[in-house]
Each structure stands twice: as structure tokens, then as C-alpha cells.
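Chemist: Sharing a structure, written as C-alpha cells. Questions coming.
Protein chains: 2
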Amino acid sequence: MSLEPRPHQAMREGAEFDTIRALMARWGDLAVDIGDDAAVLAPSPHGTRVVSVDACVEDVHFRRAWISAREVGVRAAVAALSDLAAMGARAEYVLIAFVIPDAWREELSEVADGMGAVIREAGARIVGGNLSQGAVFSITTTVVGCAQRAVSRSGARAGDLVVVTGLLGGPGAAIQAWDAGESPTAWSRGRFAAPAPRWAEGEALALAGASAMIDISDGLAGDARHVAAASGVRLDLDASRVPAGPGIAAAVAMQSGEEYELLACIPEEAYKKLAMDWAAISIGPLTVVGVVRDGADASPTSTASPVAGGFDHFASVEIPR
Amino acid sequence: MSLEPRPHQAMREGAEFDTIRALMARWGDLAVDIGDDAAVLAPSPHGTRVVSVDACVEDVHFRRAWISAREVGVRAAVAALSDLAAMGARAEYVLIAFVIPDAWREELSEVADGMGAVIREAGARIVGGNLSQGAVFSITTTVVGCAQRAVSRSGARAGDLVVVTGLLGGPGAAIQAWDAGESPTAWSRGRFAAPAPRWAEGEALALAGASAMIDISDGLAGDARHVAAASGVRLDLDASRVPAGPGIAAAVAMQSGEEYELLACIPEEAYKKLAMDWAAISIGPLTVVGVVRDGADASPTSTASPVAGGFDHFASVEIPR
Numbered sequence: 000m001s002l003e004p005r006p007h008q009a010m011r012e013g014a015e016f017d018t019i020r021a022l023m024a025r026w027g028d029l030a031v032d033i034g035d036d037a038a039v040l041a042p043s044p045h046g047t048r049v050v051s052v053d054a055c056v057e058d059v060h061f062r063r064a065w066i067s068a069r070e071v072g073v074r075a076a077v078a079a080l081s082d083l084a085a086m087g088a089r090a091e092y093v094l095i096a097f098v099i100p101d102a103w104r105e106e107l108s109e110v111a112d113g114m115g116a117v118i119r120e121a122g123a124r125i126v127g128g129n130l131s132q133g134a135v136f137s138i139t140t141t142v143v144g145c146a147q148r149a150v151s152r153s154g155a156r157a158g159d160l161v162v163v164t165g166l167l168g169g170p171g172a173a174i175q176a177w178d179a180g181e182s183p184t185a186w187s188r189g190r191f192a193a194p195a196p197r198w199a200e201g202e203a204l205a206l207a208g209a210s211a212m213i214d215i216s217d218g219l220a221g222d223a224r225h226v227a228a229a230s231g232v233r234l235d236l237d238a239s240r241v242p243a244g245p246g247i248a249a250a251v252a253m254q255s256g257e258e259y260e261l262l263a264c265i266p267e268e269a270y271k272k273l274a275m276d277w278a279a280i281s282i283g284p285l286t287v288v289g290v291v292r293d294g295a296d297a298s299p300t301s302t303a304s305p306v307a308g309g310f311d312h313f314a315s316v317e318i319p320r
Numbered sequence: 000m001s002l003e004p005r006p007h008q009a010m011r012e013g014a015e016f017d018t019i020r021a022l023m024a025r026w027g028d029l030a031v032d033i034g035d036d037a038a039v040l041a042p043s044p045h046g047t048r049v050v051s052v053d054a055c056v057e058d059v060h061f062r063r064a065w066i067s068a069r070e071v072g073v074r075a076a077v078a079a080l081s082d083l084a085a086m087g088a089r090a091e092y093v094l095i096a097f098v099i100p101d102a103w104r105e106e107l108s109e110v111a112d113g114m115g116a117v118i119r120e121a122g123a124r125i126v127g128g129n130l131s132q133g134a135v136f137s138i139t140t141t142v143v144g145c146a147q148r149a150v151s152r153s154g155a156r157a158g159d160l161v162v163v164t165g166l167l168g169g170p171g172a173a174i175q176a177w178d179a180g181e182s183p184t185a186w187s188r189g190r191f192a193a194p195a196p197r198w199a200e201g202e203a204l205a206l207a208g209a210s211a212m213i214d215i216s217d218g219l220a221g222d223a224r225h226v227a228a229a230s231g232v233r234l235d236l237d238a239s240r241v242p243a244g245p246g247i248a249a250a251v252a253m254q255s256g257e258e259y260e261l262l263a264c265i266p267e268e269a270y271k272k273l274a275m276d277w278a279a280i281s282i283g284p285l286t287v288v289g290v291v292r293d294g295a296d297a298s299p300t301s302t303a304s305p306v307a308g309g310f311d312h313f314a315s316v317e318i319p320r
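Just so you know, the sequences run in chain order B and G. Take 0 as the starting number for the first sequence in numbering that gives the first Met the number 0 and just add one per residue. Take 0 as the starting number for the second sequence in numbering that gives the first Met the number 0 and just add one per residue.
Here is the structure:
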């Protein structure tokens with residue numbers, strides 16, 4: 000796939016990291032622990048409070064011709080809540096900031112319905128937000144939740160298995176089709192328009208003892224690098240084991256972004272126990288796709304390299320089961 | 000002043016309320032208590048957790064020609080933190096979601112410096128955020144804080160005094176000048192570009208026993224109506240008592256938006272005690288501008304009326320001191 004910015008990409012990976020580094024340099028110790036999917040606030044008697052924010056911008060994260068207004072809402076809500084799932088947290092409160100051009104005014108109710116359905120299913124409540132007019136439609140969603148055991152990106156240890164939920168590649172295949180002027184398959188389209196929420200899976204992985212977790216928003220290969228960098232280890236992925244959706248090539252499944260499936264690192268014994276219960280937790284599979292290795296050679300530089308290079312970096316290896 | 004949308008207005012008042020009503024109709028009991036400056040989450044041993052989100056969009060909330068990149072950051076941070084001040088809460092955590100066009104990439108460090116300076120002064124920390132490319136620059140800021148005593152908009156009771164912090168009218172006068180192709184006074188410009196944060200004042204008003212509080216983002220007259228509607232009372236304001244900035248007409252001070260000063264209702268005895276200590280709390284004044292009356296005639300309809308009509312609605316009356 001091209002390394003040029005694609006419409007579904009929030010920001011080219013290099014540019015995003017450059018910007019984050021520049022911001023961190025300005026903020027110094029004012030900005031703490033901002034590398035995870037969500038921020039862990041002070042622990043409470045009921046668990047750890049976790050908060051995250053996610054933006055969905057027209058013509059950046061989606062195009063109006065691709066999906067319905069309701070699907071725009073579903074997608075924005077799942078994307079935001081996914082950041083909590085990736086910490087093992089359940090959502091409790093949601094705040095929604097809309098920027099609304101006149102052309103979207105009529106459709107806002109449909110967007111709201113889509114968001115509402117997802118938030119209701121998650122068991123959370125909408126407690127606030129912000130409305131602004133503006134030239135470009137966007138939804139910025141703040142989610143506040145609680146984790147019995149919060150899992151960051153930084154705890155992966157050599158020997159852990161690397162697992163992923165669900166089947167990958169749908170969003171990438173859908174965008175490839177749209178970009179080529181074709182229609183995506185119903186399955187791929189559905190994975191882009193209404194990704195499956197994985198909060199039950201995230202909580203189960205956390206409670207089972209996952210050492211690190213992330214949601215797959217930058218693609219499996221890219222997000223594996225995020226975990227590797229944060230944990231100071233190497234994640235060796237086996238492309239032949241990546242669970243691709245129907246008719247989807249392994250390379251697409253490896254790099255497809257905005258999946259909102261979860262990647263977790265987990266000790267082998269914990270994985271074996273969890274795997275026995277998995278059918279009661281999720282209708283999707285839980286698949287071992289790699290292993291965590293000692294990370295002397297996992298430098299931040301290789302982690303920030305382009306996706307195509309990263310794919311080579313994670314050499315195919317034999318994985319213990 | 001014109002009732003047409005102005006560049007600094009997030010949304011015309013009528014349109015904003017129509018949109019909120021439409022959203023509430025879709026969300027039903029999923030959306031709770033979203034009428035306040037910030038949402039009150041579950042109480043903790045250290046106080047009540049409060050969270051809010053605020054957006055700052057180029058060419059809606061400011062124009063690039065008016066203020067520097069650093070001031071854009073200062074203004075966005077003060078606006079967001081002001082919602083916590085209006086609840087009597089202190090900020091603890093901040094999450095910042097940027098949408099960044101290429102033209103803003105170079106200036107982002109200056110924006111970050113401005114936000115950082117305000118957040119540091121507030122004693123809060125930046126714990127997360129989101130970066131997205133996009134055609135229009137915006138900052139959506141989520142603030143999480145804690146209140147020893149959280150004050151909503153809905154507690155005003157007949158007999159309470161209506162007080163405001165600081166001197167009003169600066170942002171309105173500055174925008175009037177810019178719109179007329181003139182230069183605003185340094186004072187007015189400063190009030191728009193770098194509003195004074197009022198968190199110490201908000202906390203002091205809350206602890207002194209304020210019954211209702213709001214930050215003046217829609218103009219004194221408009222925000223008084225918000226409090227009146229939420230509390231089921233009438234707020235009678237005396238235009239001759241409104242503390243206007245240097246050279247600023249009372250009508251401008253009454254209607255100038257995005258002040259980020261605080262309007263509070265407070266029992267007279269509590270006000271008298273607080274007034275004696277005020278000089279130690281704030282360098283600005285605390286001014287009695289009105290009184291709360293029984294609100295049989297304060298219908299939601301009159302509350303949602305245009306600003307100019309609202310100005311008539313709040314007849315000038317004698318105010319007890």
C-alpha cells in the first residue's frame with residue numbers, strides 16, 4: 000500500500016510522531032504518560048479511572064460518500080470507546096464535541112442515533128459535550144471509564160504470546176476498493192462502517208493477565224511496533240498466522256488501520272486458560288500471531304519507520320503454542 | 000449588536016438550543032445532566048470528579064489575523080478550564096485533541112506553549128490527547144477536575160444576589176473593533192486574546208456557598224437566562240451596575256461573550272462574608288449586578304429568546320446590597 004497519506008489516516012505515522020515529540024519538548028514534565036490509548040487517573044475504590052479522547056474528521060477519517068450518517072456516528076463511538084477497551088476499561092461517561100457545518104445540520108440526528116446505540120450497548124451515559132459551527136464536520140469524543148486492572152502498552156515481556164481479536168483487513172480492503180472506484184465486499188464495508196466493539200474482550204484479556212494491550216488503529220504491524228517501543232521488547236509476528244477476513248490478503252490484514260480489534264501480549268499459561276473460555280466472551284476468534292522477544296534491537300527509530308519497512312522488520316518466526 | 004452569527008460565536012443561540020433539543024430527543028435517558036458547564040461524575044473521597052469538553056475552531060472562535068499562535072493556545076486552555084471554574088472545581092487532568100492543517104504545523108509549538116503555560120498555572124497535567132490532520136485548525140480540550148463543593152446552574156433561589164467577577168465587555172469591544180477594521184484598545188484585545196483564569200474565584204464562590212454558577216461565555220444577559228431557566232427563577236440584572244471595562248458601554252458589557260468571567264448567585268449573608276476576603280482571592284472586583292426573583296414568569300421560551308430581547312426581559316430594578 001502507498002505510504003502517501005490516505006483519507007482514513009489521521010496523520011502519517013512519521014508526521015504524527017514528529018508532532019508528538021515537538022509537543023512533548025514544549026510541555027516537558029507538564030505532559031505525563033501520554034503514550035497510551037487512554038490516560039490512567041487516580042485509582043478509586045471501584046477500580047482505576049481511565050480517560051481518553053478521539054477525533055473523527057470528515058474527509059480525514061471517512062468520506063461522506065462511503066457511509067451513512069448513522070454509520071458515521073457508530074464508527075466515531077466505537078473508535079473512542081475502543082481506546083478504553085484497549086486499557087481493559089469499561090466506559091462509564093461520554094462527552095461529545097460536534098463541529099457542524101450547515102450541510103450536516105439535518106443529518107445530525109442520524110449521527111446521534113448511531114453514537115447513542117453504541118454508547119447504550121456499552122452501558123455508558125452521555126454527560127456532556129460541546130456544539131460549534133464550523134466548515135468541516137468533526138466529532139471529538141471523550142470517554143471516561145473504569146478498569147479493574149488497567150493494562151498499558153508498556154508491560155510486554157519476552158516469552159509472552161502476541162494475540163489479536165477478530166478478523167483483520169476489512170477496513171483496509173474497503174478503502175482500497177473505494178479508492179479504486181469499486182464497491183467493497185459487504186463484510187469489508189461493514190468492518191469499516193460499523194466496527195465490532197471489543198470492550199468485553201478487552202476486559203477479559205486484562206483480567207486474564209495481559210501484560211500489554213493496544214487497539215489496532217494504525218494497522219497490526221504499526222501497533223505492534225508501538226507496543227514494542229513502549230515495552231522495550233521486540234514483537235515477532237508471523238504473517239501466515241494473521242487472521243484475515245474473507246478474501247483478504249495477509250499483507251492487507253497486517254497493515255489495515257482503524258480495525259478497532261485488540262492486540263495483546265499475554266503469558267502463555269494465562270492465554271491457555273483464557274482460550275478455553277473465549278467462546279463465552281466473544282463471537283470472534285482470539286488468535287496467536289506472534290511472540291515477544293528480548294528487545295535489545297528494538298530501537299525507537301525502527302519503531303517509527305514507515306509501515307512497509309516495519310513489515311519486513313517483523314520477520315516470520317516459529318511461534319510456540 | 001447584530002443578531003447575525005459573529006465569528007466569535009460558537010453557534011447562534013437559537014440554533015444551539017434547537018440542536019441540543021434534537022440531540023436530547025434522540026438520546027433520551029442515555030444523556031443525563033448535560034446542561035451544566037461540566038459533568039459531575041461519581042463523588043470520590045477527595046471531592047467530586049468533574050469533567051468538561053470545549054472546542055476552539057479557527058474562523059469560528061477566533062481569526063488568525065487577530066491573535067498570535069501562542070494566544071490561540073492560551074485562549075483555548077482558559078476557555079476549557081473556565082468550565083471547571085464555573086463548577087467550583089480545580090483542574091487536575093487535561094486531554095488535548097488537535098486538528099492540524101499543514102499551514103499550522105510550524106506554529107503548533109507556539110500554540111502548545113500557550114496552552115502549557117495556562118495548564119501549568121492551573122496546577123493540572125496533560126495526560127492525553129489526539130492528533131489529526133484536517134482542513135480547519137481546531138483544539139478540543141477535555142478537562143477533568145475535582146470540586147470540594149460542585150455548583151451547578153440550577154440552585155439559584157429567590158433572594159440570592161447575582162454577582163460577577165472582573166470587568167466585562169473586553170472581548171465584545173475587541174471584536175466590534177476588528178469587525179469595523181479598527182484596532183481594539185490594548186485592554187479589550189488582552190481580554191479576548193488572554194482571558195484571566197478564574198479558578199481561584201470559582202472555588203472561593205463555591206466554598207462560600209454560591210447556589211448557582213456559570214461562566215460568561217454567551218454574554219452576561221444570555222448566561223443569566225441559562226441560570227434562570229435551569230433554576231426555575233428569574234434573574235433581574237441592573238445594567239447600571241454591570242462592571243464594564245475602560246471605555247466600554249454598558250450594553251456591550253452586558254452582551255459580550257467569551258468573557259470567561261463568572262456569574263454566581265449567592266445568599267446575601269454569604270456574599271457579605273466573601274466580599275471581605277475578596278481582595279485576597281482575586282485582583283479583579285466582585286460586583287453585585289442583580290437579584291434572584293421568584294420565577295413563575297421565567298419560561299424556557301423567554302430564556303431561549305435572542306440576546307437583544309433578553310436584554311429587555313431583565314428589567315433594571317433596585318438591588319439590595
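Glycine included, every Cβ here is placed at the ideal spot set by N, Cα and C.
Please check if any C-beta of chain G sits within less than 8 Å of the C-beta of B/Q147.
Modeler: Not one chain G Cβ lies under 8 Å of B/Q147.
Chemist: Between G/A90 and the rest of its own chain, which residues show a CB-CB distance below 6 Å, the 5 nearest in sequence each way excluded?
Modeler: Cβ neighbours of G/A90 beyond the five flanking positions: L80, L83, A121, A123, V142 and G144.
Chemist: Contact defined as beta carbons within less than 8 Å: I believe B/A111 pairs with B/G72. What is the distance between those atoms, to the nearest angstrom?
Modeler: About 6 Å separates the two Cβ atoms, so the contact holds.
Chemist: Taking only beta-carbon positions, decide if B/T47 is within less than 8 Å of chain G.
Modeler: No, B/T47 does not count as interfacial toward chain G.
Chemist: Taking just the CA atoms, how far does G/V162 sit from B/V77?
Modeler: Answer to the nearest angstrom: the Cα atoms are 43 Å apart.
Chemist: Identify which residue in B/S216, B/M212, B/S239 and B/A238 has its Cα closest to the Cα of B/A227.
Modeler: Comparing Cα-Cα distances from B/A227 to each of B/S216, B/M212, B/S239 and B/A238, the minimum goes to B/M212.
Chemist: Applying the 10 Å Cβ sphere with the 16-neighbour rule, what's the burial state of G/R188?
Modeler: By the neighbour-count rule (16 or more Cβ atoms within 10 Å), G/R188 is buried.
Chemist: Quick one: using the 10 Å Cβ neighbour count with 16 as the cut-off for buried, is G/A102 buried or exposed?
Modeler: G/A102 is exposed by the Cβ-count criterion.
Chemist: Whose C-alpha, out of G/L40, G/C264 and G/A207, is nearest the C-alpha of G/D214?
Modeler: That would be G/C264, whose Cα lies nearest to the Cα of G/D214.
Chemist: Just grab the DSSP bridge partners of B/G289 for me.
Modeler: Partner(s): B/V161 and B/L236.
Chemist: Counting only beta-carbon separations shorter than 8 Å, does G/T139 have a partner in chain B?
Modeler: With 8 Å as the cut-off, G/T139 counts as an interface residue toward chain B.
Chemist: Measuring only the C-alpha atoms, how far is G/F136 from B/C55?
Modeler: So the two alpha carbons sit approximately 14 Å from each other.
Chemist: Which of the three DSSP states is assigned to B/Q8 in this structure?
Modeler: The predicted model places B/Q8 with a pLDDT of 42, which falls under 50 and marks its position as unreliable, so this point remains unresolved.
Chemist: Buried or exposed: B/M86, going by 16 or more other Cβ atoms within 10 Å of its Cβ?
Modeler: Buried.
Chemist: Along the chain, which unbroken stretches of the beta strand (DSSP E) at least 3 residues long are found entirely within the region 145-191 of chain B?
Modeler: Complete beta strand (DSSP E) runs here, min 3: 160-164.
Chemist: What are the residues of the region 53-68 of chain B that lie near chain G, defined by any Cβ-Cβ distance shorter than 8 Å?
Modeler: Of all residues in the region 53-68 of chain B, D53, A54, V56, D58, V59 and H60 have a Cβ within less than 8 Å of some Cβ in chain G.
Chemist: Would you call G/D296 buried or exposed, if buried means 16 or more other Cβ atoms sit within 10 Å of its Cβ?
Modeler: Bear in mind that the predicted position of G/D296 carries a pLDDT of just 45, short of 50, making it too unreliable to give a figure here.
Chemist: Could you tell me which of G/T184, G/L166 and G/G165 sits nearest to G/I174, measuring between CA atoms?
Modeler: Selected option, being the one with the closest Cα: G/T184.
Chemist: What is the DSSP secondary structure of B/S210, reduced to helix, strand or coil?
Modeler: If DSSP states are grouped into helix, strand and coil, B/S210 belongs with coil.
Chemist: Could you name the residues of chain D that G/A111 contacts, counting a contact when the two beta carbons are closer than 8 Å?
Modeler: Among the protein chains in the structure shown, which are B and G, there is no chain D.
Chemist: Taking Cβ-Cβ distances shorter than 7 Å, what residues in chain B pair up with G/G354?
Modeler: Here chain G has residues from 0 to 320 only, and residue 354 of chain G is not among them.
Chemist: Name the residues in the region 164-194 of chain B whose C-beta lies less than 7 Å from a C-beta of chain G; which are they?
Modeler: Result list empty, no residue passes.
Chemist: So, for B/A134: in the same chain, excluding its five sequence neighbours on each side, which residues have a beta-carbon less than 7 Å away from its beta-carbon?
Modeler: Contacts found: P100.
Chemist: Against chain B, with Cβ distances strictly below 8 Å, would G/I125 count as a contact?
Modeler: Yes, its Cβ sits closer than 8 Å to a Cβ of chain B.
Chemist: State the CB to CB distance for the pair B/P170 and B/S255, rounded to an integer number of angstroms; the pair is presumed to be in contact (CB under 8 Å).
Modeler: Confirmed, about 5 Å.
Chemist: Compare the C-beta of G/A38 with all C-beta atoms of chain B and state if any pair is closer than 8 Å.
Modeler: Cβ-Cβ to chain B under 8 Å: yes for G/A38.
Chemist: Measure the Cβ-Cβ separation of B/E258 and B/L160 and say whether it is below 8 Å.
Modeler: Contact flag unset, no.
Chemist: Count the other CB atoms, across all protein chains shown, that sit within 10 Å of the CB of G/D276; report buried if there are 16 or more and exposed otherwise.
Modeler: Exposed, because fewer than 16 other Cβ atoms sit within 10 Å of the Cβ of G/D276.
Chemist: When DSSP labels each residue in this structure, what does G/D217 get in the three-state scheme?
Modeler: In this structure, G/D217 counts as coil in the three-state DSSP scheme.
Chemist: So, for G/W186: in the same chain, excluding its five sequence neighbours on each side, which residues have a beta-carbon less than 7 Å away from its beta-carbon?
Modeler: Cβ neighbours of G/W186 beyond the five flanking positions: G169, G244 and P245.
Chemist: I want to see whether chain G comes within less than 8 Å of B/S216, judged by CB atoms only; does it?
Modeler: It does not: the Cβ of B/S216 has no partner Cβ on chain G nearer than 8 Å.
Chemist: Apart from the five residues on each side of it in sequence, which residues of its chain come closer than 6 Å, Cβ to Cβ, to G/V52?
Modeler: T141.
Chemist: Have a look at G/Q132 and B/G283 and give me their C-alpha separation to the nearest angstrom.
Modeler: Those two C-alpha atoms are separated by around 32 Å.
Chemist: So which residues on chain B does G/R89 lean against when the C-beta distance must stay under 9 Å?
Modeler: Within 9 Å Cβ-Cβ: nothing; G/R89 doesn't reach chain B, min ~14 Å.
Chemist: If we ignore side chains and look at the alpha-carbon of each, how far apart do B/I125 and B/G113 end up?
Modeler: Roughly 13 Å separates the two Cα atoms.
Chemist: State yes or no: is the C-beta of B/G127 within less than 8 Å of the C-beta of B/L94?
Modeler: Yes. Within cutoff.
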